[in-house]
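**Q** In terms of our numbering, the sequence shown is residues 1324 to 1415.
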Amino acid sequence: MSKKNIKTVSLDDLDSMEDRSRRDAPDGESLGPDFWKSAKIVYPEGSKERITVRFDRDVVRWFKAQGRGYQTRMNAVLRSYFEAQETGQRKP
1324 MSKKNIKTVS
1334 LDDLDSMEDR
1344 SRRDAPDGES
1354 LGPDFWKSAK
1364 IVYPEGSKER
1374 ITVRFDRDVV
1384 RWFKAQGRGY
1394 QTRMNAVLRS
1404 YFEAQETGQR
1414 KP
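Put into structure tokens, the structure is as follows:
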């Protein structure tokens, strides 16, 4: 963004500005379970690190049997566990 497009305002100016959000706007339509069945996890590019890791053969077979993107699904399972541990919520 060029500097000519940037406007500087004070806190008083911000307080006096009209709130343009629409509190009366209807909620979006529910996506439903069919959408989530085929939804894909997408991570920002460059956020992954290439490593060498060893998993039990039956675990890898099971993930591969789920179809294309098995490594992404494995990462999602590990991320879920990681986040649960970080927040202190142990999931079975």
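Idealized CB from N, CA, C, for every residue including glycine. Remember, predicted model here, so these are calculated numbers, not experimental data.
How would you write the range of the alpha helix (DSSP H) that Glu1406 sits in, first residue to last?
**A** Unbroken alpha helix (DSSP H) run through Glu1406: Tyr1393 to Glu1409.
**Q** Can you list, in chain order, the stretches of the alpha helix (DSSP H) that have 4 or more residues and sit fully within the stretch 1325-1371?
**A** Counting only runs of 4 or more, we get 1334-1339 and 1355-1360.
**Q** Between Thr1395 and Lys1363, is the Cβ-Cβ spacing less than 9 angstroms?
**A** Going by C-beta atoms, Thr1395 is nearer than 9 angstroms to Lys1363.
**Q** In chain order, what residues of the same chain have a beta carbon less than 7 angstroms from the beta carbon of Gln1389, not counting five sequence neighbours either side?
**A** Excluding positions up to five away in sequence, the list reads Arg1396.
**Q** Can you name the start and end residues of the alpha helix (DSSP H) that Asp1381 belongs to?
**A** Counting along the chain, the alpha helix (DSSP H) containing Asp1381 begins and ends at Arg1380 to Ala1388.
**Q** Can Asn1398 and Lys1371 be called in contact, C-beta distance under 9 angstroms?
**A** Yes; because the gap between Cβ atoms is below 9 angstroms, this pair is in contact.
**Q** Can you give the Cα-Cα distance for Glu1368 and Thr1375, rounded to whole angstroms?
**A** In a straight line, the C-alpha of Glu1368 is about 19 angstroms away from that of Thr1375.
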